[in-house]
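S.K.: Chains A and B, in that order, give the protein sequences.
Quick note on numbering: numbering that gives the first Met the number 0 labels position 503 of the first sequence as 502, and the sequence is numbered without any gaps.
Quick note on numbering: numbering that gives the first Met the number 0 labels position 35 of the second sequence as 34, and the sequence is numbered without any gaps.
Cβ coordinates follow ideal geometry from the N, Cα and C atoms, glycine included.
The model shown is predicted, which means the values in this text are computed figures rather than measured ones.
Starting off with a structure, shown below.
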Amino acid sequence: MKRKTWSVSSISSLAVVIAIVVVINLIGTRVFTRADLTEKKIYTLSPASRHTVANLSDRLTVKAYFTKNLPPPYNANSEYINDVLRDYKAYSHGKFVYEFVDPANEAKLEEEAQRYRIQPAQVNVMEKDNLQVKKVYMGLVLIYGDKHETIPIIQDVDGFEYDMTSTIKRLVSDHIPKVGFLGGFGTPDLGQDMRNLTTALSKHYDVTPVSTEAGNSMIDNNIDVLCIVQPKEALDDWTKFCIDQYVMHGGKVGWFINKVKADPQTSQASGMNLGIDDMTRGYGFAVGNNLVTDAHAAAITVQQPQGNVMMITQVYYPAFPNITDISKQHPMVKDLQQLTLFFPSSVDTVRPVGAQVQYAPLFSSSDKTRLQVGRYDINPMAQMKREDYVGPKKLLGVAMTGTFQSFFSGKPVPHPKDSTAALPSVSIVTQSPNTRMVVIGDGNFVQGQYAQGGGPNQILFLNAVDWLSQDQDLMSIRSREAAIRPLKPDISDTTKQTVKYANLFVPPALVLMLGLFRWTAKRNRRKGVTL
Amino acid sequence: MDNILVIFKREFRSYFDSPVAYIVLMFFLLVSGYFFTSNLFLMNQANLQTLFGIIPLLYIFFVPAISMRLVAEERKSGTIELLFTYPIKDSEIIIGKYLAALGLILILLLFTLVYAISVSMLGNMDGGQTFSGYLALFLMGAGYLAIGVFASSITENQIIAFIVALAISFFFFIINKILFFVPPALASIFEYLAIEYHFQNIARGVIDTRALIYFFSMIYVSLLLASHALSRRKGD
Numbered sequence: 000m001k002r003k004t005w006s007v008s009s010i011s012s013l014a015v016v017i018a019i020v021v022v023i024n025l026i027g028t029r030v031f032t033r034a035d036l037t038e039k040k041i042y043t044l045s046p047a048s049r050h051t052v053a054n055l056s057d058r059l060t061v062k063a064y065f066t067k068n069l070p071p072p073y074n075a076n077s078e079y080i081n082d083v084l085r086d087y088k089a090y091s092h093g094k095f096v097y098e099f100v101d102p103a104n105e106a107k108l109e110e111e112a113q114r115y116r117i118q119p120a121q122v123n124v125m126e127k128d129n130l131q132v133k134k135v136y137m138g139l140v141l142i143y144g145d146k147h148e149t150i151p152i153i154q155d156v157d158g159f160e161y162d163m164t165s166t167i168k169r170l171v172s173d174h175i176p177k178v179g180f181l182g183g184f185g186t187p188d189l190g191q192d193m194r195n196l197t198t199a200l201s202k203h204y205d206v207t208p209v210s211t212e213a214g215n216s217m218i219d220n221n222i223d224v225l226c227i228v229q230p231k232e233a234l235d236d237w238t239k240f241c242i243d244q245y246v247m248h249g250g251k252v253g254w255f256i257n258k259v260k261a262d263p264q265t266s267q268a269s270g271m272n273l274g275i276d277d278m279t280r281g282y283g284f285a286v287g288n289n290l291v292t293d294a295h296a297a298a299i300t301v302q303q304p305q306g307n308v309m310m311i312t313q314v315y316y317p318a319f320p321n322i323t324d325i326s327k328q329h330p331m332v333k334d335l336q337q338l339t340l341f342f343p344s345s346v347d348t349v350r351p352v353g354a355q356v357q358y359a360p361l362f363s364s365s366d367k368t369r370l371q372v373g374r375y376d377i378n379p380m381a382q383m384k385r386e387d388y389v390g391p392k393k394l395l396g397v398a399m400t401g402t403f404q405s406f407f408s409g410k411p412v413p414h415p416k417d418s419t420a421a422l423p424s425v426s427i428v429t430q431s432p433n434t435r436m437v438v439i440g441d442g443n444f445v446q447g448q449y450a451q452g453g454g455p456n457q458i459l460f461l462n463a464v465d466w467l468s469q470d471q472d473l474m475s476i477r478s479r480e481a482a483i484r485p486l487k488p489d490i491s492d493t494t495k496q497t498v499k500y501a502n503l504f505v506p507p508a509l510v511l512m513l514g515l516f517r518w519t520a521k522r523n524r525r526k527g528v529t530l
Numbered sequence: 000m001d002n003i004l005v006i007f008k009r010e011f012r013s014y015f016d017s018p019v020a021y022i023v024l025m026f027f028l029l030v031s032g033y034f035f036t037s038n039l040f041l042m043n044q045a046n047l048q049t050l051f052g053i054i055p056l057l058y059i060f061f062v063p064a065i066s067m068r069l070v071a072e073e074r075k076s077g078t079i080e081l082l083f084t085y086p087i088k089d090s091e092i093i094i095g096k097y098l099a100a101l102g103l104i105l106i107l108l109l110f111t112l113v114y115a116i117s118v119s120m121l122g123n124m125d126g127g128q129t130f131s132g133y134l135a136l137f138l139m140g141a142g143y144l145a146i147g148v149f150a151s152s153i154t155e156n157q158i159i160a161f162i163v164a165l166a167i168s169f170f171f172f173i174i175n176k177i178l179f180f181v182p183p184a185l186a187s188i189f190e191y192l193a194i195e196y197h198f199q200n201i202a203r204g205v206i207d208t209r210a211l212i213y214f215f216s217m218i219y220v221s222l223l224l225a226s227h228a229l230s231r232r233k234g235d
């Protein structure tokens with residue numbers, strides 16, 4: 000009798016204790032704290048982000064449109080995003096507020112999400128033993144005053160902090176960065192050839208043409224980024240001088256240069272002399288006088304007369320290489336899977352003397368490359384001879400940071416192109432502050448039919464401009480995220496083997512020795528007893 | 000407290016007086032060493048990610064092997080009755096035995112520091128992250144071990160104790176890998192229950208109170224149930 004009551008009371012007290020544990024866990028999911036032990040504090044809001052939200056002058060509202068109970072792996076994402084937003088809020092002195100809403104069953108919210116251009120995504124869900132495609136929302140909008148910016152879909156939380164902070168910076172700043180495009184010299188027309196691209200760019204940037212034709216004024220240094228897209232004629236000394244001094248004053252340049260002029264209709268191709276090689280070699284790079292063709296290529300449609308009929312066939316066109324050898328480290332390209340370039344030329348790095356330049360390779364052709372120099376064969380109907388396409392791969396894009404040397408140091412100021420203009424009274428700056436350049440051996444990919452809206456080519460260009468215009472702050476977030484720690488590069492095979500066998504056998508051997516030691520000690524003790 | 004220490008010393012010594020501990024340790028280290036060394040130069044990364052990937056799996060088999068005899072054996076041989084004659088609380092018996100087995104897991108992890116030392120010589124390893132990873136391994140081992148002690152306390156048969164511990168551990172191990180088949184409404188609960196979810200949280204280099212609460216809850220509840228099971232047995 001006594002035992003029974005004891006047992007019942009103990010079971011109920013057990014239940015109470017377990018219930019308390021469950022409650023503690025429930026509270027714990029809401030009230031918690033973290034300590035980031037990683038060396039670069041990769042799981043903590045970076046100083047750049049903290050600083051940005053701490054200095055908000057007005058209220059910033061984040062509305063996250065997330066479907067509840069997202070299927071894995073996305074369910075963990077919304078939790079992660081919630082954590083990050085909470086951190087932003089914590090550092091914002093009450094200026095940063097956020098809420099999660101589920102537009103699934105509310106037409107009004109769904110409409111609102113659509114108005115912010117947050118489109119639903121399709122994901123596979125297991126429901127009632129069936130694999131079903133479900134419409135889910137996982138985007139958010141940042142509202143600041145009468146301005147707003149959207150992150151339409153967050154499928155991968157890598158880079159989320161970067162996206163957030165760069166978006167906040169854009170929202171709060173009155174400064175809209177300026178992107179200039181060098182005009183003349185056969186460069187493409189902004190309004191026609193590059194209309195898709197300039198439309199996309201003008202969402203975040205002030206797009207402006209840059210001319211060196213008239214007067215003696217130089218390139219304005221309040222232009223944040225200067226793009227030089229595919230000139231087809233040689234640049235004159237004055238223009239080169241303008242570009243050079245723009246760089247020396249800290250300007251950032253994106254070079255999108257081909258060295259071969261090609262007409263796919265007539266299959267005619269010829270080399271171009273742009274007169275820039277001397278100057279760019281001084282900066283640390285040269286676009287090769289060549290055509291990079293690759294057996295790993297895009298397919299094109301060609302019409303071919305066959306008797307009286309035009310036959311339409313698909314052929315792989317080596318002059319349009321498909322690029323898959325893309326850096327996984329560089330923020331500009333790490334999310335891109337494949338690019339297609341059109342009649343590209345190689346980008347060669349030439350380490351300049353006495354300058355501090357760092358190179359980050361962006362992408363290369365495949366090891367089935369054939370480099371054409373001097374004579375260019377771009378006939379799509381020519382039989383592709385596999386034995387010609389044996390590499391080696393060629394670098395086609397590079398990002399450079401550092402201080403660049405002026406091409407004009409020790410030279411006189413050239414006369415302006417406009418012959419009526421007077422020689423400007425300027426002193427030549429011989430070295431640039433820390434600045435950036437991007438060099439891509441193709442300028443076709445940003446034009447007309449080649450720059451499909453939203454496709455990887457367009458993303459590459461926009462990322463390049465973003466990267467060039469970014470402040471150091473934001474880059475620090477990116478570089479933190481790419482925390483890859485390779486082993487030392489020069490480990491010899493003998494060391495490798497030694498390390499392997501040592502790690503495999505030393506710990507078990509230590510255990511064995513410990514055992515033998517204990518065993519003999521025990522045996523000796525026993526002996527001592529029997530004696 | 001003194002009682003716990005007495006039990007701890009007695010159990011810990013008995014591990015090393017029998018060949019079991021050595022065999023378990025050596026076998027564990029051979030397997031973990033094999034996976035670690037075969038991937039080290041392949042991945043070419045100065046971290047212990049392969050180790051933190053393989054040990055959770057090894058734990059499922061090794062920890063029940065360590066814990067299975069703790070209570071069950073004494074129960075079968077009847078020596079537990081002897082313990083009951085001393086003025087020792089059931090919870091003290093359980094905690095003492097648990098700490099002894101935990102000591103064995105700690106020693107096991109100490110041996111794997113050989114890997115950490117070699118990696119730190121071959122590249123620039125993130126010390127904080129590695130420490131956090133080891134803490135995660137220790138907490139996970141402690142969690143599985145508590146389950147094992149519970150399993151050992153409900154039966155006299157070591158094999159049954161082993162299988163029960165393995166089954167419960169495997170449940171916590173697998174639960175977030177089958178989320179896809181779980182109704183979405185339950186997915187986050189299942190995920191919270193998953194040991195690997197909290198393990199990863201710490202192993203990546205962040206000490207999170209949520210994960211700590213989870214592990215301590217798991218240990219506390221398991222040991223509570225174990226000492227409850229022991230008390231009931233005494234009542235019979």
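1. Could you pull out every residue in the same chain whose Cβ sits closer than 8 angstroms to the Cβ of A/R49, ignoring the five residues on either side in sequence?
2. Kindly list the residues whose CB is nearer than 7 angstroms to the CB of A/H329, restricted to its own chain and excluding five residues on each side of it in sequence; keep chain order.
3. Have a look at A/Q371, A/G190 and A/K487 and flag the residue whose alpha-carbon is nearest the alpha-carbon of B/M120.
4. Out of B/Y191, B/I79 and B/F61, which one is the CA nearest neighbour of B/L229?
5. Rounded to the nearest angstrom, how far is the Cβ of A/L130 from that of B/F130, given a contact under 8 angstroms?
6. For A/Y161, count the other beta carbons within 10 Å of its own beta carbon; 16 or more makes it buried, fewer makes it exposed. Which is it?
7. Could you give the first and the last residue of the continuous beta strand (DSSP E) run that contains B/F40?
8. Which chain A residues sit within Cβ distance under 8 angstroms of B/A186?
9. How would you list, in chain order, the residues of chain A whose beta-carbon sits under 9 angstroms from the beta-carbon of B/D207?
10. Could you please tell me which residues of the segment 57-84 of chain B, in chain order, have their CB closer than 9 angstroms to any CB of chain A?
11. Taking Cβ-Cβ distances shorter than 7 angstroms, what residues in chain B pair up with A/V510?
12. Going by alpha carbons, who is nearest to A/M380 out of A/R85, A/N321 and A/T265?
13. Grab me the residues of A/N220's own chain with a C-beta within less than 8 angstroms of its C-beta, minus the 5 sequence neighbours each way, in chain order.
14. Label B/R74 either buried or exposed according to how many other C-beta atoms from any shown protein chain fall within 10 Å of its C-beta, with 16 as the threshold for buried.
15. By how many angstroms is the C-alpha of B/Y21 removed from the C-alpha of A/Q336?
16. Run through DSSP, which three-state label would B/N2 get?
17. Tell me which same chain residues have a C-beta within less than 6 angstroms of the C-beta of A/A268, skipping the five on either side of it?
18. Output yes if chain A places a C-beta closer than 7 angstroms to the C-beta of B/L98; else output no.
19. Whole angstroms is fine: what's the gap from A/D276's alpha carbon to A/I311's?
20. Could you please give the first and the last residue of the uninterrupted beta strand (DSSP E) stretch that includes A/I439?
21. Could you work out which residues of chain A lie near B/R203, taking near to mean beta carbons separated by less than 9 angstroms?
22. My output table needs one value for B/R12: the three-state DSSP class, helix, strand or coil.
23. Where in the segment 13-50 of chain A do unbroken runs of the beta strand (DSSP E), each at least 3 residues long, occur, reported from the N-terminal end onward?
24. Let's see if you can read the secondary structure: which residues bound the beta strand (DSSP E) around A/P320?
25. Could you spell out the range, first to last residue, of the beta strand (DSSP E) harbouring A/A369?
26. For chain A, find out if any of its Cβ atoms is closer than 7 angstroms to the Cβ of B/A45; answer yes or no.
27. Which residue wins for smallest C-alpha separation from A/F460, given the options A/N195, A/V425 and A/S426?
28. For chain B, is any of its Cβ atoms less than 7 angstroms away from the one on A/G409?
29. With 7 angstroms as the threshold, decide whether the Cβ of A/T497 is near any Cβ in chain B.
30. So, using beta-carbon positions, are A/L225 and A/G179 closer together than 7 angstroms?
31. Closest by CA to A/N289, which one among A/Q191, A/G270 and A/Q302?
32. In whole angstroms, what separates the C-alpha of A/E78 from that of A/A63?
33. Scan the segment 369-391 of chain A for residues whose Cβ lies nearer than 7 angstroms to a Cβ of chain B and list them as they occur along the chain.
34. Taking the CB atoms as reference points, tell me whether B/S151 and B/M67 lie closer together than 7 angstroms.
35. Would you list, in chain order, the members of the segment 207-222 of chain B that have their beta-carbon closer than 8 angstroms to a beta-carbon of chain A?
36. Can you give the Cα-Cα distance for A/T4 and B/I53, rounded to whole angstroms?
M.R.: Based on what the coordinates show:
1. Y90
2. A359, L361 and A398
3. A/K487
4. B/I79
5. A Cβ-Cβ distance of about 42 angstroms is found for the pair A/L130 and B/F130, leaving them out of contact under the 8 angstroms criterion.
6. buried
7. Segment V19 to M42 is the alpha helix (DSSP H) holding B/F40; no beta strand (DSSP E) there.
8. Those within 8 angstroms of B/A186 in chain A are N68, P70, P71 and N74.
9. Within chain A, the residues near B/D207 are F31, T32, R33 and A34.
10. none
11. The contacting residues are Y21, L24, M25, L28 and F110.
12. A/T265
13. Y245, H248, G249 and G250
14. buried
15. Taking the Cα positions, A/Q336 is about 50 angstroms away from B/Y21.
16. helix
17. V259, A261, Y375 and I377
18. no
19. 41 angstroms
20. T434 to I439
21. T37, I41 and Y42
22. helix
23. 33-35
24. Per DSSP, A/P320 belongs to the beta strand (DSSP E) from V308 to I322.
25. It should be noted that the sequence gives Arg, not Ala, for residue 369 of chain A. Where A/R369 is concerned, the enclosing beta strand (DSSP E) stretches over T368 to Q371.
26. yes
27. A/N195
28. no
29. no
30. yes
31. A/G270
32. 12 angstroms
33. Those residues of the segment 369-391 of chain A that come within reach of chain B (Cβ to Cβ, closer than 7 angstroms) do not exist; the list is empty.
34. The criterion of a C-beta distance shorter than 7 angstroms is satisfied by B/S151 and B/M67.
35. D207, T208, R209, I212, Y213, S216, Y219 and V220
36. Reliability fails at A/T4, whose pLDDT of 41 lies under 50, so the model's placement of it is uncertain and no value is given.
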